[in-house]
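Worksheet: one structure, shown below.
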Amino acid sequence: MPNSGKRLGLIFIAAATAVSMTACSNGNANPKGQEVAQQQLDSPKEVELTLYSDVGDPEDEVNRVYIEPLQKKYPHIKMKYVRSAVGTTMADMLGSSAKFDIFYHGRGPYEEKLQEFNLMFDMTELARKNNIDLGQLEPTAVDSIKEAFAGKLYGIPVTLNSLVVFYNKTIFDLFGVPYPKDGLTWEEMFELAKRMTRSDGQRQYYGFSMNGTAQFAGMNSLSIPFVDGKTNQPTILSDERWKTLFQTVFLNPVMTETFASAKKLPNWASFSKDRNLAMILYTASVPNAFEEELKTLDWDMTALPVFKQAPNAGSRANPIYFGVTSLSKHPDAAMEAIKFWTSNEYQMEMSKKGKLMASKSKDVTGALGSESVFAGKNWGAITRYPFTPLAPLTKFDNKVRNVYTTHLNTLMAGEADLNTALRLMNEEAAKVIKEELSR
């Protein structure tokens, strides 16, 4: 037993020596090195994503609006933007190894492209996993994308667009007419426009116009569908609201007389460059899109006029949807990016810069334009009324809308009466739909 006790003592001595050595080793360790090592373990793995769109947004704008704020918040997410061009069309991208993780576009083309190129990825579970609160976003935009895809979440609205009226204060001052105020009906708007359609002895001024009829046909506050999705028939004759729209707006004498005099509807160039147009209906994105032009004008905004039949209905929102694609190898990281773009932090930052965001927060909408170069303008005109519900989409909408708007020019020119124009629109739209169905 004596030998046994000796061996036991040696074991205790060895153990104590080991503990002592470990303690000394720990005491001499570099705390900073340990901290760096731990940070490396804790840091998210770097990932590179590709953002793609064929909407045509320039690279510098996309970097400034979307990518730079994202990378400032999440440095581990590297992102490059690819836009459609020669060699990078959607078909080119899908035919090569150059896949993309996130796709964005406006309502209509977004849904069409997803289906045409089989890009659909249901984000329902990822949104739940990332605690994305869809309830904080404009409900008409969320409802529309879900309705288009039977409840599946193939897109999330990040920004919006809507209609507003811009006016040139210099022309109003020239004729001593008070500036327009929010809350006008269409009848009141045209009464004002009539006063502003006049000559100063040297040049002709026009009171009111819009930058193309197609935009208004798609975003007006009556929310009329172009096609009945159940019957695949045009709605131009079956929905009386089309007649109301044409009679109230396009056939108003101010519009028809302006069309006859100018041989067209005066457009944005008439307002910003020729400066012979007092008021123009255009989208809320104009102050950002034409910042340099507007810096040289004395201008402001007033709310979209309302129809007597819908006195509290604003423009239809035109959402810009972002979605993880079925091509993505990094859906979690892509979802993290979309979560950031829908966050209150980002939405507030962009709203202050004058971008109409998808958030329905009163704080976010109330901050609209407050830090833009045009702070002090009537930004509240853009959000004065709640957005009207979005009419259901069909795959025929764009072509049918083109049929309707082509005949609008004929109508305003007085080359056809309303009933004849409506009949021709119906016949041609039905033909377009039939051709599409036969493909």
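Residues -29 to -1, 1 to 410, numbered by mature numbering (1 follows the signal peptide of the UniProt record, and there is no 0), are exactly what the sequence shown covers, in order. Where is the CB? At the ideal position from N, CA and C, for every residue including glycine. Values in this document were obtained by computation on a predicted structure and should not be read as measured data.
DSSP lists 19 as the bridge partner or partners of residue 49. Secondary structure remark: continuous alpha helix (DSSP H) runs of at least 4 residues inside the stretch 279 to 323, in chain order: 302 to 312 and 315 to 323.
For residue 266, the number of other beta carbons within 10 angstroms of its own is below 16, and it is reported as exposed. Annotation for residue 280: 215 place their beta carbon closer than 7 Å to its own, counting only its chain and skipping 5 residues before and after. Distance check between residue 120 and each of 83, 135, 327 and 150 places 83 closest, using alpha-carbon atoms only. Sequence-distant Cβ neighbours of residue 277 in its own chain, meaning closer than 6 Å and more than five residues away, are 156. Beyond the five residues adjoining it in sequence on each side, residue 257 comes within less than 7 Å, by CB distance, of 137 in the same chain, given in chain order. Assignment of residue 91 by DSSP, reduced to helix, strand and coil, places it in the coil class.
Its Cα nearest to that of residue 360, the residue 289 stands out among 289, 383 and 336.
By the CB criterion at 8 Å, residue 26 and residue 76 fall inside the cutoff. Going by DSSP, residue 178 is part of the beta strand (DSSP E) stretching over 175 to 181. Shown here for residue 160: same chain residues with a beta carbon closer than 7 Å to its own, the five before and five after excluded, namely 179 and 276 in chain order. DSSP, reduced to helix, strand and coil, places residue 111 within a helical segment of the structure shown.
Straight-line measurement puts the Cα of residue 238 at about 19 Å from the Cα of residue 372. Residue pairing from DSSP places residue 134 in a beta bridge opposite 254. A straight line joining the alpha-carbon of residue 92 with that of residue 127 spans about 12 Å. The beta-carbon separation of residue 274 and residue 356, rounded to 7 Å, stays under the 8 Å limit for a contact. Under the Cβ criterion (8 Å, minimum of three pairs), the stretch 58 to 76 counts as touching the stretch 19 to 34. In chain order, 41, 44, 45 and 317 place their CB closer than 7 Å to the CB of residue 311, counting only its own chain and leaving out the 5 sequence neighbours on each side.
Taking 8 Å as the cut-off, the Cβ atoms of residue 107 and residue 332 count as close.
When the Cα atoms are used, residue 52 and residue 223 turn out to be separated by approximately 45 Å. A check of alpha carbon separations from residue 188 across 174, 33, 252 and 140 identifies 252 as the nearest. Distance from the CA of residue 163 to the CA of residue 227, rounded to the nearest whole angstrom, comes to 16 Å.
Pairing residue 133 with residue 353 gives a Cβ-Cβ distance under 8 Å.
Per DSSP, residue 103 is not a residue of any alpha helix (DSSP H), being assigned neither H nor E. Short of 6 Å from the beta carbon of residue 350, and not among the five residues preceding or following it, lie these beta carbons of its own chain, in chain order: 339 and 340. In the displayed model, residue 369 falls within a helix according to three-state DSSP.
Apart from sequence neighbours up to five positions away, the residues of its chain that approach residue 109 with a beta-carbon distance below 8 Å are 128, 131, 288, 290, 329, 330, 331 and 358, ordered along the chain. Less than 8 Å divides the Cβ of residue 177 from the Cβ of residue 233. Counting C-beta atoms within 10 angstroms of its own C-beta, residue 60 has fewer than 16 neighbours from the protein chains shown and is therefore classed as exposed. At the C-beta level, residue 271 and residue 348 come within 8 Å of one another. DSSP links residue 378 through a beta bridge to no other residue. DSSP places residue 29 in the coil class of the three-state scheme, outside both helix and strand. Selection 19, 29 and 35 evaluated against residue 50 yields 19 as nearest (Cα-Cα). Secondary structure of residue 75 (DSSP, three-state): strand.
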